[in-house]
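Written out below as structure tokens is the structure these notes cover.
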Amino acid sequence: MFRRVLVANRGEIAVRIIYALKELGIESVAIYSEGDRDSLHVELADYAICIGPPSPAESYLNIPRIMSAAIISGADALHPGYGFLAENPDFADICERSGIKFIGPDSRLINLMGDKIAAKKLMKEAGVPTLPGYDGEIPDVKTAEKIADEIGYPIILKAAAGGGGRGMRIVESPLELNKSFSTAQSEALASFGDPRIYIEKYIEKPRHIEVQILADTRGNVIHLGERECSIQRRHQKLLEESPSPAVNEEMRRKLGDAAIKGAQSIGYVSAGTMEFLMDKNGDFYFMEMNTRIQVEHPVTEMVTGIDLVKEQILIAAGEELSVSQEDVEQRGHAIEVRINAEDPEKGFAPSPGKIELLHLPGGPGVRIDTHIYQGYTIPPYYDSLIAKLIVHGRDRNEAISRMRRALEEFLVQGIATTIPLHQKIVEDPRFVAGDIDTHFLERG
Ligand code: MV4
3 MFRRVLVANR GEIAVRIIYA LKELGIESVA IYSEGDRDSL HVELADYAIC
53 IGPPSPAESY LNIPRIMSAA IISGADALHP GYGFLAENPD FADICERSGI
103 KFIGPDSRLI NLMGDKIAAK KLMKEAGVPT LPGYDGEIPD VKTAEKIADE
153 IGYPIILKAA AGGGGRGMRI VESPLELNKS FSTAQSEALA SFGDPRIYIE
203 KYIEKPRHIE VQILADTRGN VIHLGERECS IQRRHQKLLE ESPSPAVNEE
253 MRRKLGDAAI KGAQSIGYVS AGTMEFLMDK NGDFYFMEMN TRIQVEHPVT
303 EMVTGIDLVK EQILIAAGEE LSVSQEDVEQ RGHAIEVRIN AEDPEKGFAP
353 SPGKIELLHL PGGPGVRIDT HIYQGYTIPP YYDSLIAKLI VHGRDRNEAI
403 SRMRRALEEF LVQGIATTIP LHQKIVEDPR FVAGDIDTHF LERG
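The sequence shown stops at residue 446 when you use our numbering, and every number in between is there.
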């Protein structure tokens, strides 16, 4: 087992990882930028190393500085969290070459799943349902026209190196295809340094449903059910829940089987997530695989009782999964809201600054993952997530009631937050009925 682990991240996820390390009896090393001296993760870790100025390029994205901290501190492993370098295959590779275990899959798998064309092709070959399209790079607009005519409009153009909604273009008719294709190509090249584009049938108002998996080095692969992540704004998820109100036992079995089959086919090892789109008929299609621990992992933890971060660390240490598929039970219902330091009244503009007053809700079925505290100043340099409020109930209605009363008790003064928006969502009759899709917020 590891003796000392460097946490290569900040904010709530750094705190979350330190909790897991403490429970496993592993020493933690925090890294922090000059903008994060007063952050909770620095206080909670056994050791802390300042790695540079606030800008991400000079701190949390700076591989040489992070590797220096890992080596100097005597860490035998490193947890990348999410964002920053979590899905950078070169970083995983450098860790391995430096004798520091990267807590995640190996660089080959990160690289493979980072190429959305390769990922989709592999999943299709493994028998996982994928969207109609063309299983490769579209070389030119002529080919795009041919494929689009075959599958029928509307279609969507996506960047091979994209993901999470970046570099996508919906095309409604053949008249737009020529222009859209060249724009998509040049945008992909400018954004990712990779112009490759693929094409698929566009699903109107889909649900975003993802399946959590765990795979160890001994060949055990299990799934932990699905998360419903349809409520989002500009590709930023706002609320996630498990189970999905749209998934019945039969669909859950199919989703789980597909996720396991897909993971097995590529020899996946670590925690991972298979993202699916679900259409009006309840048919689902593989979209992408994420090789990191995700922001919304707590809803799965709440319904399964399994600590995903601990399992992820144990897997990296070569241990066998602590649970088998038969042990996994989805008990009750969990909902998470992401509380951002943003002002919904001002177009969601970032709202950094000092937290003058903070009161966190408590009581049965309430969990808060956060790095903030009263008197803390939220720096302006990073993403605006300041806390995740997660509730658990025996069923969806109890979880909704708990979320309402927890949001009402949640008090933050000094900065604007997205709490009022979450209060609106959980009062919305469509949300209460489970009638949600990826365009929920646009219809207001
Ligand atoms: C789609 C789609 C409809 N049809 N692909 C957005 C995130 C990225 N992972 C892929 N996305 C989409 N791909 C086809 N063929 C609609 C979306 C989409 C979406 C997906 C999940 C969550 C929110 C979304 C918001 C708008 C569009």
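Note that beta-carbon positions come from the ideal geometry of N, C-alpha and C, so glycine has one too. Treat the numbers as computed from the prediction; the structure is a model and nothing was measured.
Heavy atom of the ligand MV4 within 8 Å of residue i beta-carbon
{"i": "Gly264", "result": "no"}
{"i": "Met276", "result": "no"}
{"i": "Tyr204", "result": "yes"}
{"i": "Gln234", "result": "yes"}
{"i": "Gly167", "result": "yes"}
{"i": "Leu133", "result": "yes"}
{"i": "Leu42", "result": "no"}
{"i": "Pro346", "result": "no"}
{"i": "Pro247", "result": "no"}
{"i": "Met170", "result": "yes"}
{"i": "Leu257", "result": "no"}
{"i": "Met280", "result": "no"}
{"i": "Met289", "result": "yes"}
{"i": "Thr440", "result": "yes"}
{"i": "Pro91", "result": "no"}
{"i": "Ile53", "result": "no"}
{"i": "Pro352", "result": "no"}
{"i": "His237", "result": "yes"}
{"i": "Lys160", "result": "yes"}
{"i": "His394", "result": "no"}
{"i": "His225", "result": "no"}
{"i": "Pro107", "result": "no"}
Local conformation of residue i per DSSP, three classes
{"i": "Thr185", "result": "helix"}
{"i": "Ile380", "result": "strand"}
{"i": "Pro352", "result": "strand"}
{"i": "Leu449", "result": "Absent from the structure is residue 449, since the part of the chain shown begins at 3 and ends at 446."}
{"i": "Arg229", "result": "strand"}
{"i": "His373", "result": "coil"}
{"i": "Glu29", "result": "strand"}
{"i": "His81", "result": "strand"}
{"i": "Ala318", "result": "helix"}
{"i": "Leu323", "result": "coil"}
{"i": "Leu423", "result": "helix"}
{"i": "Gly13", "result": "helix"}
{"i": "Gln332", "result": "coil"}
{"i": "Glu89", "result": "coil"}
{"i": "Tyr458", "result": "Past the edges of the chain, shown from 3 to 446, lies residue 458, and the structure says nothing about it."}
{"i": "Val249", "result": "coil"}
{"i": "Asn180", "result": "helix"}
{"i": "Phe104", "result": "strand"}
{"i": "Leu443", "result": "coil"}
Beta-carbon proximity list for residue i, same chain, < 8 Å, skipping 5 on both sides
{"i": "Glu347", "result": "Ala418"}
{"i": "Val143", "result": "Leu179, Asn180, Phe183 and Ser184"}
{"i": "Ile20", "result": "Val9, Ser30, Ala32, His43, Leu46 and Ala47"}
{"i": "Ile370", "result": "Leu362, Pro363, Ala389, Lys390, Leu391 and Ile392"}
Other residues of its chain near residue i: CB distance less than 6 Å, five sequence neighbours each side excluded
{"i": "Met3", "result": "Ala319"}
{"i": "Met115", "result": "Ala121, Met291 and Thr293"}
{"i": "Ile262", "result": "Val223 and His225"}
{"i": "Met405", "result": "Ile337, Val393 and Val428"}
{"i": "Glu29", "result": "Arg6 and Asp48"}
{"i": "Ala163", "result": "Phe194 and Asp196"}
{"i": "Ala273", "result": "Leu216, Ile295, Leu310 and Gln314"}
{"i": "Arg171", "result": "Leu159, Ser182 and Ala186"}
Contacts around residue i, its chain only, beta-carbon distance under 7 Å, and the 5 residues preceding and following it disregarded
{"i": "Ile153", "result": "Pro134, Gly135 and Lys203"}
{"i": "Leu111", "result": "Ile268, Tyr270 and Thr293"}
{"i": "Asp137", "result": "Lys122, Lys123 and Lys126"}
{"i": "Glu189", "result": "Gly169"}
{"i": "Glu174", "result": "Tyr155 and Pro156"}
{"i": "Ser386", "result": "Asn342, Ala343, Glu344 and Pro352"}
Residues sharing a beta bridge with residue i, DSSP
{"i": "Val339", "result": "Leu241 and Leu391"}
{"i": "Ser35", "result": "Gly54"}
{"i": "His210", "result": "Leu279"}
{"i": "Lys203", "result": "Ile157"}
{"i": "Met170", "result": "Lys160"}
{"i": "Arg235", "result": "Gln238"}
{"i": "Gly76", "result": "For Gly76, which the question treats as bridged, DSSP gives no partner whatsoever."}
{"i": "Ala273", "result": "Leu216"}
{"i": "Gly135", "result": "Glu202"}
{"i": "Val7", "result": "Ser30 and Ala79"}
{"i": "Gly165", "result": "Arg168"}
Cβ separation of residue i and residue j, assumed to be a contact under 8 Å, to the nearest whole Å
{"i": "Ile438", "j": "Pro300", "result": "Between Pro300 and Ile438 the Cβ distance is about 19 Å, and since that is not below 8 Å, they are no contact."}
{"i": "Leu216", "j": "Ile317", "result": "7 Å"}
{"i": "Ser41", "j": "Tyr34", "result": "6 Å"}
{"i": "Gln376", "j": "Ile357", "result": "6 Å"}
{"i": "His210", "j": "Val339", "result": "Rounded, the Cβ-Cβ distance is 16 Å, inconsistent with contact."}
{"i": "Asn64", "j": "Gly54", "result": "6 Å"}
{"i": "Phe288", "j": "Pro131", "result": "6 Å"}
Residue i Cβ short of 8 Å to the ligand COA heavy atom set
{"i": "Ile149", "result": "For the ligand COA, the structure offers nothing, since it holds only the ligand MV4."}
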